[in-house]
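Engineer:
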Amino acid sequence: MLSLTLREVISKLKDGSVSAAELCEKCIARAKKIKELNFIVTENFDQCRKESVQSARLWSEYVTGRHQEWRKFGGIPFAIKDNFCTKDIRTTCASKMLSNFVPPYTATVVQRLQDEGAVIIGKTNMDEFAMGSGSTDSIFGPVRNPWNYNFCQLQHTGGSEEQGGSADWHIAGGSSGGSAVAIATGTCFGAFGSDTGGSTRNPAAYCGVVGFKATYGRLSRHGLIPLVNSLDVPGILTRSVDDASLIFNAVAGHDVRDATSVTDPLEKFTLPDDISVKDLHIGIPKEYHAPGLSLCVLDAWRRAADMFENAGAKVTQVSLPHTQYSIICYGVLCCAEVASNMSRYDGIEYGHRANVQDSTEELYAVTRHEGFNNVVRGRILAGNFFLLRRNYDDYFIKAQKVRRLIAEDFRKVFEGGVDILLTPTTLTEAPTYSWFTKEDNRTRAEEQDVFTQPINMAGVPAITVPASLSPSGLPIGLQFVGPNFHDRQVLTVAKWFEQQTNFKQLDLNYLIDNS
Ligand code: GLN
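Taking numbering that gives the first Met the number 0, the leading residue of the sequence shown gets 0, the next gets one more, and so forth.
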């Protein structure tokens, strides 16, 4: 039951062959059994149970014809990244600063899911304040990738790494690693991550699931604790492209609480099953043959391009000439917005407060030193440096100009007739934890954002779909990118690719007995 897609589970709830209460119990049991992966930071099991029992009653009234109405996600468990505010459920951003923060309101996209009957099974682990690409920098410890993770062996040896249970598991990717693991392991049927520079697509690729970043402004950011407001987009993680489309259609649309949310109405859509890519123009950006691109990713990318060509699509090489400046440009813009966003955490209004009585300045300083990890502190310092009057033009303004050039690259390619870009999502498969956290390798790993960050700068929609397994048995994702507001087209092409590849998702039996 747990390996079903969201679409499949909805149809089973509708015909009465599955009960929402039973579904919820199974998901909770799964979450408990694989706790070791450290992907949930706040369990919401009791509430989830309660609501799913209510949903089960509503479904049975529908199935027996006593009620005509049904709620799309009635009683279906979803996981939410811990940077989305959830009323009465602790929301920490995986930081000491917010370790006891219980929001008085719910983020719009989460609320819209709940309005359709969705139940929250738990809040998921992440890099502190979504800064990272590994889900390794969290006050709750790192998230573990279920692929190639010898869970049974760990169990067998008493769960201790020192005993040799698992010396070198792979990272889940980040910063939405917890949500990606929740989906890959069948713990829920849909999840939210956030995507500022790739934080939804990167872990989705590493964990072998679908990760969708919609056009900037299509999904409300209200209640998503900001990292870089001008780049942040709520991300959707699922086991199929259809599921991503279902969730997108349920939560997208204007929100008066988010000034950057797009006002023109969204036409709801369902993806067709019979898709043709004949005469579609697929662009392959030559700059994405970037240093560090692994052979297995390159191979998957080439095979996908051939697949489109064989199906009658026109596949040509295109150029996005400013790609190489993306990482450095993102670095400046991200830190500048971080410096401003993080100033609200001062120990006065909410969040952590240091035990200091000497002066207000001292209270601010100690609170922020204690509350943030060194990644966050480093970005605040760098951001304030870039924003100093004497540096502003040389850094912030210049980076804004480069950002414009990066966005123009995409505009030109799409105006030149390309329908969809096909690119890798990451340079390699998921690195091991020890490699990722070895001195300086973290920087190298962040270079993996090279294919995802430019997309946030341009605001365009993009999705990662699992393509194949590397020789070591780890998933490889490929990315489809479309013009602004062509979310439907991106999803449609991605679905066609998914149908051709028939990627076999994580074998749930491998983790534990699939009940
Ligand atoms: N890896 C990037 C960063 O550390 C992107 C993170 C994100 O998309 N939230 O900022």
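All C-beta atoms in this analysis are idealised placements derived from N, C-alpha and C, irrespective of residue type, glycine included.
Between ALA335 and PHE385, is the Cβ-Cβ spacing less than 7 Å?
Structural biologist: Taking 7 Å as the Cβ cut-off, ALA335 and PHE385 qualify as a contacting pair.
Engineer: LEU294: buried (16+ other C-beta within 10 angstroms of its C-beta) or exposed?
Structural biologist: exposed
Engineer: MET130: beta carbon under 6 Å from a heavy atom of the ligand GLN?
Structural biologist: yes
Engineer: Can you grab the Cα-Cα spacing for the pair ILE224 / TRP69, in whole Å?
Structural biologist: 32 Å
Engineer: CB of SER467 to nearest heavy atom of the ligand GLN: below 6 Å?
Structural biologist: The answer is no for SER467.
Engineer: Shortest alpha-carbon distance to ALA93 belongs to which of TRP58, SER59, MET130, ARG111?
Structural biologist: MET130
Engineer: Going by other Cβ atoms of all chains shown within 10 Å of its Cβ, with 16 needed for buried, is GLY472 buried or exposed?
Structural biologist: exposed
Engineer: Figure out for me which residue from ARG48, GLU127, SER51, ALA243 has the closest Cα to the Cα of ARG6.
Structural biologist: ALA243
Engineer: Provide the residue span of the beta strand (DSSP E) that contains GLY282, from first to last.
Structural biologist: 280 to 284
Engineer: Indicate, with yes or no, if the ligand GLN has a heavy atom lying under 6 Å from the CB of SER2.
Structural biologist: Result no, Cβ not under 6 Å from the ligand GLN.
Engineer: In three-state terms, what does DSSP make of LEU292?
Structural biologist: coil
Engineer: Can you tell me whether DSSP reads ARG143 as helix, strand or coil?
Structural biologist: If DSSP states are grouped into helix, strand and coil, ARG143 belongs with the strands.
Engineer: Since PHE479 is in the beta strand (DSSP E), which residue starts that stretch and which ends it?
Structural biologist: 474 to 480
Engineer: Suppose the cutoff is 6 Å on Cβ atoms and the five residues either side in sequence are ignored; what does the same chain contact list for LYS122 look like?
Structural biologist: VAL40, THR41, ILE79, ASP81
Engineer: Report buried or exposed for PRO271, applying the criterion of at least 16 other Cβ atoms within 10 angstroms of its Cβ.
Structural biologist: exposed
Engineer: When the distance is taken between beta carbons, is MET306 closer than 7 Å to GLN499?
Structural biologist: yes
Engineer: What is the rounded straight-line gap between the Cα of TYR432 and the Cα of LYS11?
Structural biologist: 39 Å
Engineer: To which residues does DSSP link SER193 through a beta bridge?
Structural biologist: As a beta-bridge residue in DSSP terms, SER193 pairs with PRO233.
Engineer: Flag THR500 as yes if its beta-carbon sits less than 7 Å from any beta-carbon of chain B, otherwise no.
Structural biologist: Of the protein chains in the structure, only one exists, and it is not chain B.
Engineer: Any idea what DSSP makes of SER467, helix, strand or coil?
Structural biologist: strand
Engineer: Comparing alpha-carbon positions, which option in SER175, VAL355, GLN399 lies nearest SER229?
Structural biologist: Selection SER175, VAL355, GLN399 evaluated against SER229 yields GLN399 as nearest (Cα-Cα).
Engineer: Compare the Cα-Cα distances from LEU519 to each of GLU428, LEU292, ASP448 and report the closest residue.
Structural biologist: Because residue 519 is not part of the residues shown, which for the chain are 0 to 514, the question remains open.
Engineer: Quick test of your reading: PHE38 and ASN147, contact by CB under 8 Å. State the CB separation rounded to the nearest angstrom.
Structural biologist: About 16 Å; that fails the 8 Å criterion.
Engineer: How far does the alpha helix (DSSP H) with GLY177 in it extend, from its first residue to its last?
Structural biologist: 176 to 183
Engineer: Any heavy atom of the ligand GLN within a distance shorter than 6 Å of the CB on SER198?
Structural biologist: yes
Engineer: Across the stretch 166 to 185 and the stretch 412 to 422, are there enough close Cβ pairs to call them in contact, namely three or more that are closer than 8 Å?
Structural biologist: no
Engineer: Please report the Cβ distance between ILE182 and ALA190, rounded to the nearest whole angstrom; I am assuming they are in contact, meaning their Cβ atoms lie under 8 Å.
Structural biologist: 5 Å
Engineer: Looking at THR195 and the ligand GLN, is the gap between the Cβ and the nearest heavy atom below 6 Å?
Structural biologist: yes
Engineer: Counting Cβ pairs, one atom from each stretch, are 3 or more of them under 8 Å apart for the stretch 57 to 64 and the stretch 311 to 328?
Structural biologist: no
Engineer: What do you get for TYR391, buried or exposed, if any count of 16 or more other CB atoms within 10 angstroms of its CB means buried?
Structural biologist: Only exposed fits TYR391, as fewer than 16 other CB atoms lie within 10 angstroms of its CB.
Engineer: When you compare each of GLY197, LYS285, LYS494, GLN53 to THR269 by their alpha carbons, which one comes out closest?
Structural biologist: LYS494
Engineer: Flag LEU598 as yes when its Cβ comes closer than 6 Å to any non-hydrogen atom of the ligand GLN, and as no otherwise.
Structural biologist: Look at the range of the chain in this structure, 0 to 514, and you will see that residue 598 is not part of it.
Engineer: In the DSSP assignment, find the alpha helix (DSSP H) that holds GLN113 and state where it starts and stops.
Structural biologist: First-last of the alpha helix (DSSP H) with GLN113: 107 to 114.
Engineer: Between ALA204, ASP345, SER54, MET0, which lies nearest to GLU369 when the distance is taken from Cα to Cα?
Structural biologist: The shortest C-alpha separation from GLU369 is found at ASP345.
Engineer: Quick check: what's the CA-CA separation for CYS206 versus ASP506?
Structural biologist: 12 Å
Engineer: Whole-angstrom Cβ separation of ILE379 and PHE211, contact assumed at under 8 Å?
Structural biologist: Going by Cβ atoms, the distance from ILE379 to PHE211 rounds to 30 Å, so no, they are not a contact pair.
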